[in-house]
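Residue numbers (the UniProt record's numbering), protein chains in the order written: chain C, 1 to 332; chain W, 1 to 332. Beta carbons: idealized from backbone N, C-alpha and C, even for Gly. One structure below.
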């Protein structure tokens, strides 16, 4: 039975580090809360855990609906656990709701993986913007690392909104493809392929085996010039349902880790990600505080209407609103 | 000889509306200034002119260096002036400097057009970020409209930075292409073609005439599905140097105007642009004021270093800095 005081961040941090799964779940619920007192406790918790973070392989996995992400993550997770690792699976899905998220909400997903003691699966936080989901997922990743999970998988829905946010928080971004034609035919949005550090054609089995080989060859050709630093983006295939090819994917992830640790790119990427997170935190909080300010709330609708009607210069409306928010003297 | 009091925005506005070219140039210099007192006068000037704006066709023109933008704009401008219009040409080039801008800084450009009484050519404001250049160009556009210019051409350097900013301030965004292969071969960045309301293959003359025909056919095929509302993006060709095809381009711009005015898309687009301008103004001013705040300046470098070193959660650093900026009580 768990024994920790939820309102005491030091105590909760100790329970998380000791491997208490209820404490881990509670800690993530805490960082997902928007209540001001929860937020303060969450920050203290994160500060206490921070020295014990960073020791994982952070993987982003994306792919269009139907590509077999759940099946892949289950096969991949079980393989990696079999090698002695601990795997946490987090989701980034801004569209999910507490009642029936579009990914990971379904409890029948990843049944075998979820039964493993060394696996932890967490659905996307609900009712938040992409920015909010991204922040909470970054924080949940840190908590899972402090709890001893050394492989973190961040899954996206793959409909073109959240991929950039996920690529910006992981060491390696993996794109799952179907055995089929080009990006457009697969419904992949522009620019997503360029985010990938690793491309994997799934469902390379049965009737689709030959098509999968062609798809691998096509993407290898198309991605000849795609490099991220010293890393040339590989194109692999697998059959998640038959658990074929998963070992080679894990080996490639290991190569990527070795190369990017040796040349410093992993450290640079993480530092850049932390800086970008800081600035997005600052920008989002500034605009949230601005929108919530009583004087802004009183005038915004009217001034926005004037601006869209062409009756007021946006600069003038902005200055009036910023004057209310910052105090007249603060605005040039 | 001009006769207006520069520091009196009402008087300057009257001179601009009366067609005084020195007043027009002075008004644009005023809105380009970052001095606080100039900014206040500029806003009063814009407020006085606002009722007389909006009555132009706002065109954005982009294309990679070498596509013949200057030659095209000169041929186009002369054609349109011949039909009785007044044409203003503005540039958006965040890389330009007061001493030797990369576009429009060269005084030998558009020699014939610059001699026309009904043409006004203005280089990009110098020493500003893209956001700053975009704001000043939007404001310059309004001033030109109040001065009676009914065709405004906003030119970009076409190297992938400023196209979105320009597409977001015009009624019709035109992309000039070379008679050559696909986007990549022409050095066109991803996503730029999708911004276009009109695609024009220039240099359709001499040895390149056949290649131009193929390029038109290729792009027509590739853009079959590209629509903006009811508008299906046309692909035309021209020879700016021989002044061929310019009349058809102007006619197409007229069709676009008629269709988008009739279905309300022009009004919606302008309202959306004004709203987006308001919010970008708010966001940029907030972050500028934040960076300039003494307490933020004192602590930012240290906290940013802690964050990138993984020694502090970005959320915590953001809260500390925002506390200094907004006052502790204002931050959750």
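Let me know if residue i comes out buried or exposed under the rule of 16 or more other beta-carbons within 10 Å of its beta-carbon.
i: residue 41/W; result: buried
i: residue 7/W; result: exposed
i: residue 255/W; result: exposed
i: residue 86/W; result: buried
i: residue 194/C; result: exposed
i: residue 261/W; result: exposed
i: residue 77/C; result: buried
i: residue 112/W; result: exposed
i: residue 136/C; result: buried
i: residue 82/W; result: exposed
i: residue 93/W; result: buried
i: residue 230/W; result: exposed
i: residue 322/C; result: buried
i: residue 225/W; result: exposed
i: residue 138/W; result: buried
i: residue 140/C; result: buried
i: residue 20/W; result: buried
Per DSSP, residue i forms a beta bridge with which residues?
i: residue 122/W; result: 90/W
i: residue 231/W; result: 228/W
i: residue 58/C; result: 152/C
i: residue 244/W; result: 239/W
i: residue 173/W; result: 60/W
Tell me, please, whether the CB atom of residue i is closer than 9 Å to any CB atom in chain W?
i: residue 297/C; result: no
i: residue 310/C; result: yes
i: residue 274/C; result: yes
i: residue 278/C; result: yes
i: residue 317/C; result: yes
i: residue 270/C; result: yes
i: residue 143/C; result: no
i: residue 116/C; result: no
i: residue 60/C; result: no
i: residue 303/C; result: yes
i: residue 282/C; result: yes
Look at the alpha carbon of residue i and the alpha carbon of residue j, and state the distance between them as a whole number of angstroms.
i: residue 152/C; j: residue 214/C; result: 31 Å
i: residue 89/C; j: residue 198/W; result: 46 Å
i: residue 286/C; j: residue 74/C; result: 40 Å
i: residue 326/W; j: residue 155/C; result: 36 Å
i: residue 100/C; j: residue 120/W; result: Bear in mind that the predicted position of residue 100/C carries a pLDDT of just 39, short of 50, making it too unreliable to give a figure here.
i: residue 52/W; j: residue 306/C; result: 16 Å
i: residue 125/C; j: residue 46/C; result: 18 Å
i: residue 296/C; j: residue 48/W; result: 25 Å
i: residue 15/C; j: residue 142/C; result: 15 Å
i: residue 217/C; j: residue 291/W; result: 49 Å
i: residue 294/C; j: residue 308/C; result: 22 Å
i: residue 118/C; j: residue 301/W; result: 40 Å
i: residue 248/W; j: residue 166/W; result: 23 Å
i: residue 22/W; j: residue 212/W; result: 42 Å
i: residue 13/C; j: residue 320/C; result: 46 Å
i: residue 324/C; j: residue 32/W; result: 25 Å
i: residue 381/W; j: residue 251/W; result: Here chain W comprises residues numbered 1 to 332, so residue 381/W is not present and cannot be evaluated.
Establish whether the CB of residue i and some CB of chain C are separated by less than 9 Å.
i: residue 294/W; result: no
i: residue 211/W; result: no
i: residue 105/W; result: With a pLDDT of 48 at residue 105/W, under the threshold of 50, the modelled position of that residue is not reliable, and the figure given next carries that caveat. No, no contact with chain C.
i: residue 290/W; result: yes
i: residue 147/W; result: no
i: residue 257/W; result: no
i: residue 326/W; result: yes
i: residue 135/W; result: yes
i: residue 194/W; result: yes
i: residue 253/W; result: no
i: residue 175/W; result: no
i: residue 314/W; result: yes
i: residue 229/W; result: no
Indicate whether the contact test is met: 3 or more Cβ pairs, each with one atom in the segment 134-148 of chain C and one in the segment 174-183 of chain C, closer than 8 Å.
no
Three-pair Cβ contact test at 8 Å for the segment 20-38 of chain C versus the segment 55-67 of chain C:
Between the segment 20-38 of chain C and the segment 55-67 of chain C, the count of Cβ pairs shorter than 8 Å is below three; the stretches do not touch.
Would you check if there are 3 or more beta carbon pairs closer than 8 Å linking the segment 307-317 of chain C to the segment 273-287 of chain W?
With a cut-off of 8 Å, the segment 273-287 of chain W and the segment 307-317 of chain C count as touching, because enough Cβ pairs lie within range.
Tell me, please, whether the segment 232-243 of chain W touches the segment 195-211 of chain W by the rule of three or more beta-carbon pairs shorter than 8 Å.
Contact between the segment 232-243 of chain W and the segment 195-211 of chain W is present, because at least three Cβ pairs lie under 8 Å.
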